[in-house]
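Engineer: Please find one structure pasted underneath; my questions will follow.
There are 2 protein chains.
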Amino acid sequence: MRLLLFGTALAAFAAPALADDGVPLSPGEIVASARAEDWVVIPPEDLLVLDLTADADGKPRRVVIQLIPPPFSQGWVENIRTLAKARWYDGTSVNRVQDNYVVQWGDADGEDPAKAKALPKGLQRFTEREYTQVFRETYPLDWIMVEPDHSFFTEKCLYAGAEDENGKFDEEICIEIENWPPASVYSLGFNFAHNSREIWPVHCYGMVGVGRNLSPDTGTGAELYTVIGHAPRHLDRNIALVGRVIEGIEHLSSLPRGTGPLGFYETAVERVPIDSVRLGNEAVGLPAYEYLSTETETFARYVDARANRQDEFFIRPAGGADICNVPVPVRRKPSL
Amino acid sequence: MRLLLFGTALAAFAAPALADDGVPLSPGEIVASARAEDWVVIPPEDLLVLDLTADADGKPRRVVIQLIPPPFSQGWVENIRTLAKARWYDGTSVNRVQDNYVVQWGDADGEDPAKAKALPKGLQRFTEREYTQVFRETYPLDWIMVEPDHSFFTEKCLYAGAEDENGKFDEEICIEIENWPPASVYSLGFNFAHNSREIWPVHCYGMVGVGRNLSPDTGTGAELYTVIGHAPRHLDRNIALVGRVIEGIEHLSSLPRGTGPLGFYETAVERVPIDSVRLGNEAVGLPAYEYLSTETETFARYVDARANRQDEFFIRPAGGADICNVPVPVRRKPSL
């Protein structure tokens, strides 16, 4: 077992799971083998349901977002609940699709005070301090840690000056800096990064965040985006994250790319209308969703298998995994 | 400067580049400020030009791929040259689009011996050993290293057994394992990972690889894929990488997702026909392309700025960057 795992749920964890034929199970097979009690139902009021207008063939385009649980970004999440309950998003549009980066939606005229759609009452404003939470080792209660290092700070050496004939530099400066990547944990169905003082959600594929203007603006939640490319981790701790897409991301990620600066659509006709945005408990025809509990041995085995692929296709396991390459499994709750 | 940089080109490298107003330059501004001699023209014969059939509005869909330079994956690259010169790919199709993973193209009937398109003569077969190259510190000649660590192997401690009341475990096993992530370098316009013995290209967004069946098959190059999601680094050293998309990836990444297993299109009508695939020196109407030399101080400044965003939007620089979040800049060669 080459992956560092840490947590009370993992004390008994040993050899990789094997199929009947002796081949190690794939991550998908491990998830499929989870017990019913390993899954956690997501409360409908923690879902946000985005219905784009039907596509050219009349097919519905529904995107389901799981809102991040307390205490992370709860301020912005509450604003989003207020906006959805007020049906404020209805009639807005997807305005920006930048390849390998983000899809962004909201009021296309939001920047123009003369045309902007009035916001409902009761929206709160938050400070940049709230992009992170105080890190307490006792909270959230259980962890699965991936990535190689428990230490939060480490000494780095910087080489400067001229190189001599042996390839050595005449000056070496060592400084204490934060680890890159930061330590990572899973909890409550989401993944987070932390240092010794703070904990924060990470910009993995499918994560949903709050558009904002320049600092100190932090956005209200009226303008949202989701990641559709390689994780832009440089946005971590610079923007509020509020959830992740758990179904239907293809309706956003396969949209035509915008040809304007930053991938904005250049003409109004390119924008994709949003028919409605509802909280899950107000959405019509929504099934129940559940995530694989991040506090189970099954999840630990899944993380280990993602980091050390030994199923049939693989000849050399990587020996580690980027946290954004180990998404928390989600499914529609099976009918009994 | 919090990013570890290493290389002869960097000896004089010090403070971040500043704009006239004192604001640090963004990565894009640093690239825009590069001198003409910082750019390296890509030989047309190192380009592969994939022309999909025009879209529903009659717009052309051209994808330009830069083939990886010697000595990396040259066997497969030579096969691809043979296939392109024989016009073998013409009339094949995009058959698979899996969200947050890959787009794959080639002969849709390639798995059916009765229907498969005959391959041209002269294709070579390669072994799995050739997924990596022997690592010599003297070759490629210059490096820019990102990510925090120069060491290739390190000791990891694994906690096992029961946890006591102080949160300590009664057993601690320390083992030497490979680093995760592996050390990373840039050279010759591409990025690579390495340990103390081997060096290999990495599965970043837009990288192009060779589809294969189960080991020990390594594929011929007749079936290719490109990454359209978060870097699937678990494929590193398990598949041959042969290049990267430098223009037009949106024609692949925005295609409708396949609804069959692994994102394969379920019906023939969904497949996207490929009109032609040509080497750059045989493609009609192709401009010249150039990449920002990975052996220049400009590139080092760009890497540093990507890892430590200090331009206006950012309030907290990350202090590091994933190698797949620092793509080598490419542009059409400006006309004089």
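Top to bottom, those sequences are chains A and B.
Counting along the first sequence from 1, when you hit position 194 you're at 194 in this note's numbering, and nothing is skipped either side.
For any residue, its number in this note's numbering is found by taking its place in the second sequence, counting from 1, and adding 336.
From the three backbone atoms N, C-alpha and C, an ideal C-beta is built for every residue, glycine too.
Locate the alpha helix (DSSP H) running through B/Ser-589, then write down its first and last residues.
Structural biologist: Taken as a continuous stretch (DSSP letters only), the alpha helix (DSSP H) holding B/Ser-589 covers 586-589.
Engineer: By the 10 Å Cβ neighbour count, where 16 or more other Cβ atoms means buried, how is B/Ser-429 classified, buried or exposed?
Structural biologist: Burial call: buried.
Engineer: Strictly under 8 angstroms for the Cβ-Cβ distance: is A/Pro-273 near chain B by that measure?
Structural biologist: So no, A/Pro-273 is outside the interface.
Engineer: Identify the contact partners of B/Phe-462 in chain A, using a Cβ-Cβ distance below 8 angstroms as the criterion.
Structural biologist: Residues of chain A passing the Cβ test: none, with the nearest at roughly 13 angstroms.
Engineer: Let me check you understand the geometry: is the CB of A/Lys-59 closer than 7 angstroms to at least one non-hydrogen atom of the ligand FAD?
Structural biologist: Only the bare structure without any ligand can be found here, which leaves the ligand FAD out of the picture.
Engineer: What is the DSSP secondary structure of A/Leu-235, counted as helix, strand or coil?
Structural biologist: Residue state, collapsed to three classes: helix.
Engineer: Could you please give the first and the last residue of the uninterrupted beta strand (DSSP E) stretch that includes A/Glu-297?
Structural biologist: First-last for A/Glu-297: 297-307, but that is the alpha helix (DSSP H), not the beta strand (DSSP E).
Engineer: Of all the CB atoms in chain B, is at least one closer than 8 angstroms to the CB of A/Ala-183?
Structural biologist: So no, A/Ala-183 is outside the interface.
Engineer: Would you check if the distance between the CB atom of B/Ile-535 and the CB atom of B/Phe-471 is smaller than 8 angstroms?
Structural biologist: Yes.
Engineer: On the CB-based measure, 16 or more other CB atoms within 10 Å of its CB, does A/Gly-75 come out buried or exposed?
Structural biologist: Label assigned to A/Gly-75: buried.
Engineer: For A/Thr-127, I'd like the list of residues in its chain whose CB is within less than 8 angstroms of its CB, leaving aside the five on either flank, ordered along the chain.
Structural biologist: Closer than 8 angstroms at Cβ, skipping near neighbours: Pro-216 and Thr-218.
Engineer: Is the beta carbon of B/Ala-370 less than 8 angstroms from the beta carbon of A/Arg-233?
Structural biologist: Not a contact, by the Cβ cut-off of 8 angstroms.
Engineer: For A/Asp-170, count neighbouring C-beta atoms within 10 Å of its own C-beta (all shown protein chains included) and say buried if the count is 16 or more, exposed if not.
Structural biologist: Confidence in A/Asp-170 is poor, its pLDDT being 47 and thus under 50, which makes the residue's placement too unreliable to answer from.
Engineer: Kindly list, in the order they appear in chain A, the residues whose Cβ is closer than 7 angstroms to that of B/Pro-592.
Structural biologist: Here the neighbours are Ser-254.
Engineer: Once DSSP output is grouped into helix, strand and coil, what is the label at B/Pro-665?
Structural biologist: Of the three classes helix, strand and coil, the one that applies to B/Pro-665 here is coil, per DSSP.
Engineer: Is the beta carbon of A/Glu-45 closer than 8 angstroms to that of A/Leu-262?
Structural biologist: No, Cβ-Cβ distance for A/Leu-262 and A/Glu-45 is not below 8 angstroms.
Engineer: With DSSP as the reference, please indicate the residues paired to B/Ile-610 in a beta bridge.
Structural biologist: B/Leu-388.
Engineer: Tell whether a beta-carbon distance below 8 angstroms holds between B/Ala-565 and B/Asp-435.
Structural biologist: The residue asked about is misnamed: residue 565 of chain B is Gly in this sequence, not Ala. Contact flag set, yes.
Engineer: Roughly how many whole angstroms lie between the Cα atoms of A/Ala-307 and A/Gly-320?
Structural biologist: Looking at the two C-alpha atoms, the distance is approximately 4 angstroms.
Engineer: Starting from the C-beta of B/Glu-648, find all residues in its chain whose C-beta is less than 7 angstroms away, skip the five residues before and the five after it, and write them out in chain order.
Structural biologist: The residues are Val-359.
Engineer: Going by DSSP, name the residue or residues bridged to A/Val-202.
Structural biologist: Paired residues: none, contrary to the question.
Engineer: Considering only the alpha carbon of each residue, which of B/Val-413, B/Asp-443, B/Asn-431 and B/Val-376 lies closest to B/Asp-425?
Structural biologist: Position check: residue 425 of chain B holds Tyr in this sequence, whereas Asp was assumed. For B/Tyr-425, the nearest C-alpha among the options comes from B/Asp-443.
Engineer: If you count every other CB in all the chains shown that lies within 10 Å of the CB of B/Ser-532, and 16 or more means buried, which is it?
Structural biologist: Result: exposed.
Engineer: What are the residues of the stretch 223-234 of chain A that lie near chain B, defined by any Cβ-Cβ distance shorter than 9 angstroms?
Structural biologist: Listed by position along the chain: Val-227, Ile-228, Gly-229, His-230, Ala-231, Pro-232, Arg-233 and His-234.
Engineer: Can you check which of these residues, B/Gln-460, B/Ala-452 and B/Phe-528, is closest to B/Gln-469 by C-alpha distance?
Structural biologist: For the residues B/Gln-460, B/Ala-452 and B/Phe-528, the minimum Cα distance to B/Gln-469 belongs to B/Phe-528.
Engineer: Determine, using beta carbons only, whether B/Leu-384 and B/Ala-641 come nearer to each other than 8 angstroms.
Structural biologist: No, they are not a contact pair.
Engineer: I want to see whether chain B comes within less than 8 angstroms of A/Glu-155, judged by CB atoms only; does it?
Structural biologist: At A/Glu-155, the pLDDT of 37 sits below 50, so the modelled position is not reliable; the number obtained from the coordinates is stated separately. No, its Cβ sits nowhere closer than 8 angstroms to a Cβ of chain B.
Engineer: Are A/Val-77 and A/Ile-65 close, meaning C-beta to C-beta below 8 angstroms?
Structural biologist: For A/Val-77 and A/Ile-65, no; Cβs fall outside 8 angstroms.
Engineer: What separation, rounded to the nearest whole angstrom, lies between the Cα atoms of B/Arg-645 and B/Pro-363?
Structural biologist: Between B/Arg-645 and B/Pro-363, the C-alpha separation is close to 8 angstroms.
Engineer: Let me see if you follow: with CB-CB separation under 8 angstroms, is A/Phe-264 close to chain B or not?
Structural biologist: With 8 angstroms as the cut-off, A/Phe-264 does not count as an interface residue toward chain B.
Engineer: Can you say whether B/Cys-493 is buried or exposed, counting buried as having 16 or more other CB atoms within 10 angstroms of its CB?
Structural biologist: In this prediction, B/Cys-493 scores a pLDDT of 38, lower than 50, which makes its location untrustworthy; no coordinate-derived value is stated.
Engineer: Spell out the partners DSSP gives B/Glu-559 in its beta bridges.
Structural biologist: None; B/Glu-559 has no bridge partner.
Engineer: Using a 10 Å radius around the Cβ and a threshold of 16 neighbouring Cβ atoms, would you call A/Gln-124 buried or exposed?
Structural biologist: Per the 10 Å Cβ criterion, exposed.
Engineer: Output, in sequence order along the chain, the residues in the stretch 631-665 of chain B whose CB is closer than 8 angstroms to any CB in chain A.
Structural biologist: Cβ contacts with chain A: Arg-642, Ala-643, Arg-645, Glu-648, Phe-649, Phe-650, Ile-651, Arg-652, Pro-653, Ala-654, Gly-655, Gly-656, Ala-657, Asp-658, Cys-660 and Asn-661.
Engineer: What residues from the stretch 411-436 of chain B come within 7 angstroms of chain A, judged by C-beta to C-beta, listed N to C?
Structural biologist: Listed in sequence order: Asp-435 and Asn-436.
Engineer: Figure out for me which residue from A/Arg-62, A/Val-40 and A/Thr-53 has the closest Cα to the Cα of A/Gly-285.
Structural biologist: The shortest Cα separation from A/Gly-285 among A/Arg-62, A/Val-40 and A/Thr-53 belongs to A/Arg-62.
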